[in-house]
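If you're matching positions, the sequence shown starts at 1 in UniProt numbering and goes up one per residue.
Please read the structure below before turning to the comments.
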Amino acid sequence: MPLPYTRTVRFSETDAAGVVYFANLFQFCHEAYEASLDEAGIDLKEFFCQPKIAFPIIHSEADFYRPLTCGDCFDIELVPILLSSNQYEINYQIKLGDLLAAKAMTRHICIDAHQRTKQPLPKVLLNWLHQWSNESLQR
1 MPLPYTRTVR FSETDAAGVV YFANLFQFCH EAYEASLDEA GIDLKEFFCQ PKIAFPIIHS
61 EADFYRPLTC GDCFDIELVP ILLSSNQYEI NYQIKLGDLL AAKAMTRHIC IDAHQRTKQP
121 LPKVLLNWLH QWSNESLQR
């Protein structure tokens, strides 16, 4: 089941045309990702600041369908998908009311933070994946 995350566009997040600057979409998505980790009981400070393992983004993409402007209140629904023993991706739908404003995806890999070698996803992250995923198995 996707976690809804609600946010309002701030003036500083728009460009000269008055719409959300494209790169800020990934900032919004990462906020929703952090909210889902927190909701699952994962300590964000430990997860991001002092990790023995890390989850860098190895691929990202976004499609924009309608503009978001200053003051717009929008929702982000995220659905994580297990890809392998050490990779997952997160699909995001950014909605302005009932209208799809944008879609985004980030793909992550689990690595040892010091040796930079691939590692299996830890149980706490697998639990998070199963909590927010529409799929209980890898695709």
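Ideal Cβ placement from N, Cα and C applies to all residues, glycine included.
Ranked by Cα distance from Asp43, the first of Asp72, Leu125, Leu82, Ser133 is Leu125. Take Thr117, set aside five residues on each side of it, and the residues of its chain with a beta-carbon closer than 7 angstroms to its own are Ile111, in chain order. Pairing Arg7 with Ile76 gives a Cβ-Cβ distance under 8 angstroms. Relative to the Cα of Glu34, the nearest Cα in the group Val9, Leu3, Lys52, Leu83 belongs to Leu3. In this chain, Leu68 is not harboured by any beta strand (DSSP E), its DSSP state being neither H nor E. Per the Cβ contact rule, the stretch 68-87 is in contact with the stretch 17-26 (3 or more Cβ pairs under 8 angstroms).
Using a Cβ distance threshold of 8 angstroms, Ser36 and Trp132 count as a contacting pair. Assignment of Gln50 by DSSP, reduced to helix, strand and coil, places it in the coil class. Buried is the label assigned to Cys29, since at least 16 other Cβ atoms lie within 10 Å of its Cβ.
Annotation for Asn127: Ala40 place their beta carbon closer than 8 angstroms to its own, counting only its chain and skipping 5 residues before and after.
Counting every other CB atom within 10 Å of its CB across the protein chains shown gives Leu129 a total of 16 or more, marking it as buried.
With 16 or more other Cβ atoms inside 10 Å of its own Cβ, Phe74 counts as buried.
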